Amino acid sequence: MQKVERNLIEPMGEVNFKEAKVDVSKWMKSLQLKMEDLFVKKGFVLIILGFLLGRALILSQLAPFGIPFFAAVYLIRRDRAPLALVGLIVGAVTVDFSNGIVMFVGSLLVMFFYKVRGPSIASQGQVMSFFVFLSMILVNAGKQYIMYRDMQMYDGMMIAVEAGLSLILTLIFIQCIPLLSIRRKATASLKTEEVISVIILMASIMTGTIGWTIYDLSFEHILSRYLVLIFSLAAGAAIGSTVGVVTGLVFSLASIATLYHMSLLAFSGLLGGLLKEGKKIGVSIGLLIATVLIGLYGEGSANLFITVYESLGAILLFILTPTSLIGKLAKHIPGTVEYSNEQQLYMRKMRDVTAQRVAQFSNVFEALSNSFSQIDEWAKDDDEDRQFDYLLSNVAEKNCQTCHKKAYCWSQNFDATYEGMKDIMIHLGESGGHLPPRVSREWNKQCIRAQKVVDAISQELTFYQANQKLKKQVQESRRLVADQLKGVSEVMEDFAKEIQRERKNHHFQEEQIIEAIQDFGLYINNIEIYSLEQGNVDIDMSVPYCHGRGECEKLIAPMLSDILGETIVVHSEECATYSGGYCHVNFKSAKRFIVETGIAHAAKGGGFVSGDSYTTMEIGYGKYAIAISDGMGNGERAHSESMETLQLLQKILMSGIEEKIAIKSVNSVLSLRTTDEIFSTLDLAVIDLHDAKSKFLKICSIPSFIKRGNKVLKIESSNLPMGIVQDFDVDVVSEQLKAEDLLIMMSDGIFEGPNHVENVEFWLKRKIKELKTDDPQEVADLILEEVIRKKGSIDDDMTILVAKVKHNTPKWATIPVTASKKKGSRIVI
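FYI, the numbering for the sequence shown is 23 to 851, going by our numbering.
Structure representation (structure tokens):
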């Protein structure tokens with residue numbers, strides 16, 4: 023029984039402990055929010071800062087901190103200015119009663135000048151600093167005259183120095199006040215001048231603690247070293263030593279006796295920053311080492327223990343400081359790891375939001391495309407019947423309303439009359455306005471106004487046909503819009519996926535590559551790896567100017583090829599314009615295949631303008647397109663038609679839209695553009711340079727041939743010419759090409775062949791098989807010459823385009839790096 027009770031009590035105790043831990047965490051968070059609300063949002067921190075700045079002195083008599091602080095608060099947070107003024111006056115009074123009066127009168131003068139002539143927003147900082155300068159001169163000169171009734175040159179110089187320092191401090195404090203009173207975004211970074219300004223402000227505040235001691239330990243020494251520890255851990259050696267120098271400089275101005283303290287703080291910041299990888303312990307050790315060294319060489323061993331105790335007090339405060347607060351500070355300082363992580367997190371969020379918005383737009387365009395492409399066939403049939411009924415109603419209204427046989431025709435014999443008129447309309451539409459004699463005789467027997475009804479039907483039929491043609495054009499426009507919207511939707515969807523592909527950090531791999539290349543004797547200034555995916559390597563480098571020796575192509579790319587285990591080539595290069603500069607080079611994976619082309623063409627009758635047009639182009643990175651278009655007829659009009667077809671196709675393909683949608687879009691544009699019956703064919707081949715897979719899209723074009731060794735393969739498809747029909751579908755034929763294959767595409771002028779040849783396809787295959795060369799240009803020239811010789815004349819436009827698929831062999835062999843480094847690189851990458 024006791025065991026059972028113990029088993030029941032122990033889990034309950036564990037649960038209570040967890041609940042208590044959660045409650046403490048919530049209480050601490052609630053306390054933190056309340057303290058933040060009290061001191062930061064409500065501005066009570068300004069009272070504390072004002073109190074310390076009111077006590078701060080330079081050379082034991084100059085007080086240039088208080089009025090600039092009030093002016094900065096008054097300019098930026100006017101509602102909090104009374105709190106700052108109360109703190110300043112109280113702090114100044116603790117030093118000397120006259121200082122409190124000077125602080126109060128000087129603040130009134132600043133407000134008076136600001137009310138008399140308020141500065142513009144662009145120059146309010148400079149104008150306010152001038153107001154402070156003028157107020158400090160007036161109030162200190164008045165104080166000197168009232169108290170001593172005398173003004174010496176030394177007094178005037180000190181007044182001018184104090185006013186000048188106040189002018190500079192006003193500009194510094196104006197940058198600091200927003201940082202203290204407004205919560206900054208997590209992604210907001212501090213500029214260099216803002217960091218220095220904050221340090222100067224903090225050092226000035228700590229100057230107000232000069233003279234405060236506890237057991238002979240100085241408050242200002244403890245706080246200044248604590249400040250150096252904070253910034254050393256947060257930002258490293260550079261910022262840590264800067265904080266030490268600036269803080270020590272301000273303290274040395276306040277008291278010459280603490281001049282050695284600047285060396286101690288600077289050295290502590292440097293050592294602490296260098297040991298920041300050891301976290302708080304490492305930074306603390308850096309402070310202790312600096313304290314012992316500077317203590318021994320500075321004041322000797324007499325005060326060494328006191329200096330060490332002061333450093334231990336600073337370390338105690340440093341250890342008690344939550345690491346999360348130091349991390350928050352580090353997020354705002356450029357160059358820190360925390361800042362880089364925060365920026366990457368922010369950029370990742372922005373990337374995800376952008377990708378989401380692009381995907382939403384893609385869905386919108388897809389929905390619009392579906393809306394435009396939906397055609398209700400039932401509604402279409404009903405519309406045609408309704409249009410036919412309207413036609414007959416108009417005819418009957420014009421001819422049958424006044425006829426005495428109206429009741430007989432439309433009441434007693436409705437079906438016969440309706441079918442008769444319908445039969446007349448069909449025959450008129452098919453025969454171009456002429457009725458067959460049989461139909462005319464039957465209608466004359468049925469209607470006493472036969473010719474008038476036929477004339478009325480013919481007239482209404484003209485309107486009906488024009489209306490139907492217009493509707494078809496509208497439907498084609500809808501298809502064009504639907505196809506374009508669908509293409510845009512797919513492009514935006516791919517773009518959203520590309521955005522979401524996160525570029526990884528490759529710091530270790532970058533160091534490996536730099537080390538391997540530099541061991542070879544080449545110097546690299548900078549390297550950035552964007553992708554190490556197989557077949558999609560993307561690397562940027564900055565290398566010294568090589569005076570045109572081609573080191574990137576001949577040395578670096580072959581070494582990268584050996585390190586990464588695939589062929590790497592120079593994709594782009596921006597060479598330096600002067601000796602000693604740097605060239606910026608982009609390295610990418612080489613394509614496995616390349617395409618060499620040869621073209622031969624001749625115009626009808628040996629003319630200069632051919633109705634055939636052709637183009638070869640790279641679509642993005644990794645696809646190669648070859649196209650031939652044959653305009654209807656010959657001459658400039660046919661050439662213009664075929665060239666425009668290819669130009670439209672090229673622009674649409676280059677935008678990233680899929681091939682079938684691109685061709686359908688071109689067809690829609692051509693069918694809507696003109697009423698003339700001028701059409702064009704299209705023969706398109708798209709070759710993937712990574713695996714040699716090819717797509718063939720043939721629009722009323724003749725077959726193409728693939729020569730593979732002693733074999734000749736035929737590629738064909740059946741589609742009507744572009745621009746001739748509205749309902750247009752594209753048949754895609756896929757074929758796997760191989761290295762050394764010859765792809766032969768031609769226009770109908772070549773395929774028609776000699777007049778006496780019955781089987782042109784067999785004849786062409788035999789001629790292609792008998793070719794002794796595999797050079798694309800020679801093949802094109804030989805086939806064109808053979809066709810012209812056999813025909814004896816050029817009776818049509820002729821174009822032949824030959825493409826050869828080859829393995830991409832790099833110009834330079836790989837350069838092996840050290841075996842161990844190469845092996846290690848491949849394992850990591």
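Where a beta carbon is used, it is the ideal one built from N, C-alpha and C, also for glycine.
The model shown is predicted, which means the values in this text are computed figures rather than measured ones.
Rounded to a whole number of angstroms, what is the C-alpha to C-alpha distance between residue i and residue j?
i	j	result
R659	S632	10 Å
A835	Y552	24 Å
Y361	N325	40 Å
Q758	N732	17 Å
M665	L671	10 Å
I69	K301	33 Å
L338	F119	36 Å
R205	H354	Reliability fails at R205, whose pLDDT of 48 lies under 50, so the model's placement of it is uncertain and no value is given.
S825	K610	Reading off the sequence, residue 825 comes out as Ala, not Ser. When rounded, the distance between both Cα atoms is 25 Å.
I328	G186	36 Å
I546	E663	53 Å
A85	V117	10 Å
K682	E588	33 Å
N435	E441	10 Å
I679	I822	27 Å
R463	S453	17 Å
R5	M676	Because the chain is modelled from 23 through 851, residue 5 falls outside the range shown and cannot be assessed.
V267	I590	50 Å
A288	G262	7 Å
L862	K493	Outside the displayed range of the chain (23 to 851) lies residue 862, so it cannot be described from this structure.
T343	F253	12 Å
V359	E299	11 Å
D710	S716	6 Å
I837	A625	51 Å
I190	G178	19 Å
If you measure between the beta carbons of residue i and residue j, is that distance less than 8 Å?
i	j	result
G295	A259	yes
L251	A336	yes
D634	S739	no
G644	H712	yes
E780	D818	no
A802	L706	no
S285	I307	no
S723	L735	no
I535	I585	yes
F517	V688	no
E575	D562	no
L245	V265	no
Y636	I616	no
K833	P776	no
L156	F126	no
V272	S346	no
Would you list the one or two residues that DSSP bridges to residue i?
i	result
A649	T637 and L706
N548	S564
E618	K826
E9	Nothing about residue 9 can be reported from this structure: the residues present for the chain run from 23 to 851 only.
F135	Note: F135 sits in no beta bridge, so no partner.
H778	Bridge partners of H778: none, in fact.
T821	H623
I737	S726
E533	For E533, which the question treats as bridged, DSSP gives no partner whatsoever.
V755	F718
T235	S240
Check whether the Cβ of residue i sits closer than 7 Å to any heavy atom of the ligand FAD, and report yes or no.
i	result
E762	The ligand content of the structure shown is nil, which means the ligand FAD is not present either.
Return no unless some Cβ of chain D is closer than 8 Å to the Cβ of residue i.
i	result
I709	Structure shown: chain D not included; a single protein chain is present.
*With a cut-off of 8 Å, do at least 3 Cβ pairs link the segment 761-775 to the segment 712-730?*
The segment 761-775, when compared against the segment 712-730, does touch it at the 8 Å Cβ threshold.
*Does the segment 100-111 touch the segment 67-84, meaning 3 or more C-beta pairs lie closer than 8 Å?*
In short, these stretches touch, since the Cβ pair count reaches three.
*In chain order, which continuous runs of the beta strand (DSSP E) of length 3 or greater are located wholly inside the segment 88-119?*
Taken in chain order, no unbroken stretch of beta strand (DSSP E) lies wholly in the segment 88-119 with a span of 3 residues or more.
*Quick check: the segment 533-545 against the segment 790-808, are there 3 or more CB pairs under 8 Å?*
No, the segment 533-545 does not touch the segment 790-808.
*asked:* Using a Cβ distance threshold of 8 Å, determine whether the segment 166-178 contacts the segment 189-199, with at least three qualifying pairs required.
replied: Under the 8 Å Cβ criterion, the segment 166-178 does not count as touching the segment 189-199, having fewer than three qualifying pairs.
*Is the segment 366-386 close to the segment 443-454, with three or more CB pairs under 8 Å?*
Three or more Cβ pairs closer than 8 Å define a contact, and the segment 366-386 falls short of that threshold against the segment 443-454.
*Which ranges would you report for the alpha helix (DSSP H) in the segment 146-197 if only whole runs of at least 4 residues count?*
The segment 146-197 is shown to contain whole alpha helix (DSSP H) runs of 4 or more residues at 146-170, in chain order.
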